[in-house]
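Q:
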Amino acid sequence: MITTQTPASESPAAVGANLTTMKAIVQNGYGSAELLELRDIERPTIAANEVLVRVRAAGVNPADWAIVGGLPYIARPIYGMGKPKNPVRGTDVAGEVEA
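Its first residue numbered 1, the sequence shown is counted upward by one per residue in the working numbering.
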């Protein structure tokens, strides 16, 4: 396991971060990569059995890319018919546990 320490100059308190929002790549429809946008969104509320991770690196796997395109069509009842139920893409991440 690799662990790191964040210098005080990069901590949320040091930069005056807004702790109610976060940056995320969101998708509001199915299609090409042009539908993906970087936006400020509300930070998720986490349950007692969950963690919040500050993402420092992310990858795009074949499953993420298929969801962007809305494929396979048979999966749309699960992911959303006209647009994704969860607009935030990405499952392969590395970062720091915040909460």
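Ideal Cβ positions, reconstructed from N, Cα and C, are used throughout, including at glycine.
(1) Going straight from the alpha carbon of VAL60 to that of ILE46, what length do you get?
(2) Determine the contact status of VAL51 and VAL97, defining contact as a CB-CB distance below 8 Å.
(3) Using 8 Å for Cβ pairs, my map puts THR123 next to GLU42. What's the rounded Cβ distance?
(4) Measuring alpha carbon to alpha carbon, tell me which of ILE74, ASN28, ALA48, ASP40 ends up nearest ALA99.
(5) Can you grab the Cα-Cα spacing for the pair VAL88 / GLY95, in whole Å?
(6) Which residue comes first and which comes last in the beta strand (DSSP E) that contains GLY95?
(7) Would VAL68 be called buried (16 or more neighbouring beta carbons within 10 Å of its own) or exposed?
(8) Could you tell me which uninterrupted beta strand (DSSP E) segments, each at least 3 residues in length, are contained entirely in the stretch 29-79, listed from first to last along the chain?
A: Well, looking at it:
(1) C-alpha separation (whole angstroms): 24 Å.
(2) Contact flag set, yes.
(3) The structure shown does not extend to residue 123, since the chain spans only 1 to 99, so no value can be given for it.
(4) Minimum Cα distance to ALA99 is reached at ALA48.
(5) Looking at the two C-alpha atoms, the distance is approximately 17 Å.
(6) For GLY95, the enclosing beta strand (DSSP E) stretches over residues 92-97.
(7) Under this definition VAL68 is a buried residue.
(8) DSSP runs (the beta strand (DSSP E)) wholly in the stretch 29-79: 36-42, 53-59.
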